[in-house]
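So for the sequence shown, the working numbering puts the first residue at 1406; every next one is plus one. Worksheet: one structure, shown below.
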Amino acid sequence: MSENHTPKMQTQDLKAIVESLLFVSSEPMSLKQIGQMIDGVPLGDIQSAIQFIQEECDTPGRGIQCVEVAGGFIFTTQPDCGPWVKRLVAGKPKLSKSGLEVLAIVAYKQPITRPEIEAVRGTDTAGVMRTLLERRLVRILGRREGVGRPVIYGTTNDFLKTFGLNNLNDLPPIQDLPQPALGAQTRQPQQQVVNFD
């Protein structure tokens, strides 16, 4: 049997196949990605299988759920099981308050440069940005044109997965957030006026 040979599949097996693909994937899988793994199955049938899996997982007594995040589908634990899951992953360090503040600024104002972030926060963010880059929550998008060509930052798919978002449109409107979430200092930097008279 060649590696490219696709086994024949019965229609009733589609749900089980989709479920097994999602289970072994460490990243969210889009309908298109799942379709590439299962030749000849219409995306509508795959979508129906995912909806059936989601309904099954949504029944009482289940510890997992199938959610749509970062443009794909993935299994995660049910929020009600959080206290027990936290015991298993307790060794993972949490983000500091300043880390969350900087991450929120990047999420809402991207693409953004470090000096622009520092103008909002009023403090140096070099260490915090390094941590966010290491954790793959933010990434370098490129460089802004202009003096010094500063690096511009944006969020990643890992950011979307971590916060259970499908895309950036799922972020709550900024006016709905409590003031401390982005800091009371969300101000624009003052323009300097130089008079040459």
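Note that beta-carbon positions come from the ideal geometry of N, C-alpha and C, so glycine has one too. On a predicted model such as this, the values are computed, not experimentally measured, just so you know.
With residue i as the anchor, note down where its alpha helix (DSSP H) starts and where it stops.
i, result
"ARG1526", "1519-1526"
"GLY1569", "Looking at the DSSP string, GLY1569 is not in any alpha helix (DSSP H), and its letter there is neither H nor E."
"GLY1466", "Here GLY1466 belongs to no alpha helix (DSSP H), and DSSP marks it neither H nor E."
"ILE1557", "Careful: ILE1557 lies outside any alpha helix (DSSP H), inside the beta strand (DSSP E) at 1556-1560."
"GLU1432", "Careful: GLU1432 lies outside any alpha helix (DSSP H) and carries neither H nor E."
For residue i, count neighbouring C-beta atoms within 10 Å of its own C-beta (all shown protein chains included) and say buried if the count is 16 or more, exposed if not.
i, result
"PRO1585", "Reliability of the predicted coordinates at PRO1585 is poor, the pLDDT of 45 falling under 50, and the value obtained from them is presented with this limitation in mind. The residue is exposed, with fewer than 16 neighbouring Cβ atoms inside 10 Å."
"ILE1579", "exposed"
"LEU1565", "buried"
"PHE1428", "exposed"
"PRO1498", "exposed"
"GLY1527", "exposed"
"PRO1433", "buried"
"GLY1477", "buried"
"LEU1508", "buried"
To the nearest angstrom, how far is the alpha carbon of residue i from that of residue j?
i, j, result
"PRO1594", "PRO1484", "Note that PRO1594 scores 38 on pLDDT, short of 50, meaning its location in the model is unreliable; the coordinates nonetheless yield the value given after this. About 40 Å."
"ASP1450", "THR1464", "22 Å"
"THR1536", "LEU1546", "17 Å"
"SER1503", "MET1534", "10 Å"
"TYR1558", "VAL1423", "35 Å"
"ARG1467", "TRP1489", "14 Å"
"LEU1426", "ILE1439", "8 Å"
"GLY1445", "LEU1505", "44 Å"
"LEU1419", "SER1435", "16 Å"
"LEU1493", "SER1431", "18 Å"
"ALA1421", "CYS1486", "24 Å"
"LEU1573", "GLU1521", "20 Å"
"LEU1500", "GLU1461", "33 Å"
"LYS1437", "THR1560", "23 Å"
"VAL1525", "PRO1577", "19 Å"
In this structure, does DSSP put residue i in helix, strand or coil?
i, result
"GLU1550", "coil"
"GLN1515", "coil"
"VAL1494", "coil"
"THR1482", "strand"
"GLY1532", "helix"
"VAL1446", "coil"
"GLN1595", "Caution is warranted here: a pLDDT of 37 is assigned to GLN1595, below 50, making its placement in the model unreliable, and the coordinate value is therefore given only provisionally. Coil at GLN1595, not helix or strand."
"VAL1423", "helix"
For the beta strand (DSSP E) that residue i lies in, which residues bound it at each end?
i, result
"GLN1438", "Looking at the DSSP string, GLN1438 is not in any beta strand (DSSP E); the run it does join, the alpha helix (DSSP H), is 1436-1442."
"CYS1471", "1469-1474"
Can you check whether the C-beta of residue i is within less than 8 Å of a C-beta belonging to chain B?
i, result
"GLY1476", "Among the chains in the structure shown there is no chain B, since it carries only a single protein chain."
When you compare the segment 1569-1577 with the segment 1547-1558, are there three or more beta-carbon pairs, one atom per stretch, that lie closer than 8 Å? no
Across the segment 1454-1474 and the segment 1526-1543, are there enough close Cβ pairs to call them in contact, namely three or more that are closer than 8 Å? Fewer than three pairs of CB atoms, one per stretch, sit closer than 8 Å, so the segment 1454-1474 makes no contact with the segment 1526-1543.
Could you tell me whether the segment 1466-1482 touches the segment 1501-1520, where touching means 3 or more Cβ pairs closer than 8 Å? no
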